[in-house]
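Trainee: Quick note on numbering: the sequence shown equals residues 159 to 460 in the working numbering. Even glycine gets a Cβ: it sits at the ideal position worked out from N, Cα and C. Handing you a structure now.
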Amino acid sequence: MSMKNTHIEHPEDTILTGDLSVLDWFTSGGNISAKIDGAPAIVWGRNPASGKFFVGTKSVFNKKLIKINESHEDINKNHVGNVADILHQCLDYLPRTDYIIQGDFIGFGGDNVYCPNTITYVFPKIVTQEIIIAPHTGYTAEKDLRDAVAHPLITTPNDNDDVLFVKPYVTLDKNLDDIKDMCDFARQMSTMCEFLSNKEATQIKKQLNACIREIIEIDDITLEALAHSNQIDVNVLRLWKLVESIKHDMFAYIRTDNEIECYIEERETEHEGYVMDNEFGTYKIINRDVFSHANFTIAKSW
159 MSMKNTHIEH
169 PEDTILTGDL
179 SVLDWFTSGG
189 NISAKIDGAP
199 AIVWGRNPAS
209 GKFFVGTKSV
219 FNKKLIKINE
229 SHEDINKNHV
239 GNVADILHQC
249 LDYLPRTDYI
259 IQGDFIGFGG
269 DNVYCPNTIT
279 YVFPKIVTQE
289 IIIAPHTGYT
299 AEKDLRDAVA
309 HPLITTPNDN
319 DDVLFVKPYV
329 TLDKNLDDIK
339 DMCDFARQMS
349 TMCEFLSNKE
359 ATQIKKQLNA
369 CIREIIEIDD
379 ITLEALAHSN
389 QIDVNVLRLW
399 KLVESIKHDM
409 FAYIRTDNEI
419 ECYIEERETE
429 HEGYVMDNEF
439 GTYKIINRDV
449 FSHANFTIAK
459 SW
């Protein structure tokens, strides 16, 4: 499924306005990939407006202040500090391609331990390549990058002497009967809900994120308090909680073939999560209590 270059949602957040398509998404399989927690995001490929190779951050997609770098001079003009250093190396070493690809920067070669963002990754051996990138998204754009349309990256670029591309192999079990039963229950529960407007949903998502950030348990007491303070139907928030629990159950059906160990502040953990794409949408499967809280609160080095 293709989509405009937008933020990938948590599945539970999408049902607040009454869009139940995520319940079909859970059980329809599709392309699934591990979400690697790198930073900053790097975009590279052929600029459709000029035909030249470029590198950049997500600012290449800006509508007004567009920062596309086709030379080292462009990078010096558009960026400073660590981000500029990273982009200089990317311009030198990323393989030239006719496609447009986005990935997360993991680090420069020469070590086997990297903490680009929230998660520390331990590779099985010292990385000999110059740079490490975790590619995850492809784009098609006809005239320029402002009309770019995103799609999950099915094929990972091949490693070479200069670049290590990280994309763990992920599979999803085919038997999802327990998940289907929970989704059927969620559909029944939805008939009792008075759903929210887009404005109300945006406000509630902010408040739920605040609970996660501050380690406030989102139990029935919290949900009732949120419903009361916002004058909304508590059943909508109970449905949100149910869909969140279905998402957590999905982890038991996902298998990752990966030699890279993951840690958060010396505590071994799983990958940040997964992204699954099928005809019903593209959503991320993340344990927000662990990763979103850590992402909100741990200082970033980059």
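Per DSSP, which one or two residues make a beta bridge with V330?
Mentor: Within the sequence shown, residue 330 is the residue found at index 172, counting from 1. Here residue 330 is Leu; the residue named in the question, Val, does not match the sequence. According to DSSP, which records beta bridges pairwise, L330 is partnered with I412.
Trainee: On a CA-only basis, which of Q260, T380 and Y279 is nearest T314? Give me that one, please.
Mentor: Start at 1 with the first residue of the sequence shown, and residue 314 comes out as number 156. When only C-alpha atoms are compared, the closest one is Q260.
Trainee: Report, in whole angstroms, the separation of the C-beta atoms of A192 and T414, which I expect to be a contact under 8 Å.
Mentor: Sequence index remark: in the sequence shown, residue 192 carries index 34 (1-based). Sequence index remark: in the sequence shown, residue 414 carries index 256 (1-based). That belief holds up - the Cβ atoms of A192 and T414 are roughly 6 Å apart, short of 8 Å.
Trainee: With distance defined between alpha-carbon atoms, name the residue in V394, L397 and I362 nearest to N388.
Mentor: By 1-based counting over the sequence shown, the position of residue 388 is 230. Considering only alpha carbons, the answer is I362.
Trainee: Give me, in chain order, the residues of the same chain whose beta-carbon lies closer than 6 Å to that of V201; leave out the 5 immediate sequence neighbours on both sides.
Mentor: Counting from 1 along the sequence shown, the entry for residue 201 is found at position 43. Result list for V201: G214, V218 and Q260, in chain order.
Trainee: According to DSSP, simplified to helix, strand and coil, what is L167?
Mentor: Numbered from 1 along the sequence shown, position 9 holds the residue referred to as residue 167. Looking at the sequence provided, one finds Glu at residue 167 rather than Leu. Here E167 sits in strand by DSSP.
Trainee: For D262, count neighbouring Cβ atoms within 10 angstroms of its own Cβ and tell me buried if that reaches 16, exposed if not.
Mentor: Within the sequence shown, numbered from 1, the residue matching residue 262 stands at position 104. Counting Cβ neighbours within 10 Å, D262 comes out buried, since at least 16 surround it.
Trainee: Are the stretch 386 to 406 and the stretch 282 to 299 touching by the rule of at least three beta carbon pairs closer than 8 Å?
Mentor: Taking 8 Å as the limit for Cβ pairs, the verdict is that the stretch 282 to 299 does not touch the stretch 386 to 406.
Trainee: Excluding sequence positions up to five away, which residues of its chain have a Cβ less than 6 Å from the Cβ of M434?
Mentor: Here residue 434 refers to the residue found at position 276 when the sequence shown is read from its first residue. If we look at M434 and ignore the five residues flanking it on each side, its Cβ neighbours are G188 and I190.
Trainee: Going by Cα to Cα distance, which pick from K332, P282 and I258 is closest to D269?
Mentor: Walking along the sequence shown from the start, residue 269 turns up at place 111. That would be P282, whose Cα lies nearest to the Cα of D269.
Trainee: Helix, strand or coil, according to DSSP, for W202 in the structure here?
Mentor: Within the sequence shown, residue 202 is the residue found at index 44, counting from 1. If DSSP states are grouped into helix, strand and coil, W202 belongs with the strands.
Trainee: Would G239 be called buried (16 or more neighbouring beta carbons within 10 Å of its own) or exposed?
Mentor: Position 81 of the sequence shown, counting from 1, holds the residue named residue 239. It counts as exposed.
Trainee: Going straight from the alpha carbon of P253 to that of D377, what length do you get?
Mentor: The residue you call residue 253 lines up with position 95 of the sequence shown. The residue you call residue 377 lines up with position 219 of the sequence shown. If you take the alpha carbons of P253 and D377, they lie about 49 Å apart.
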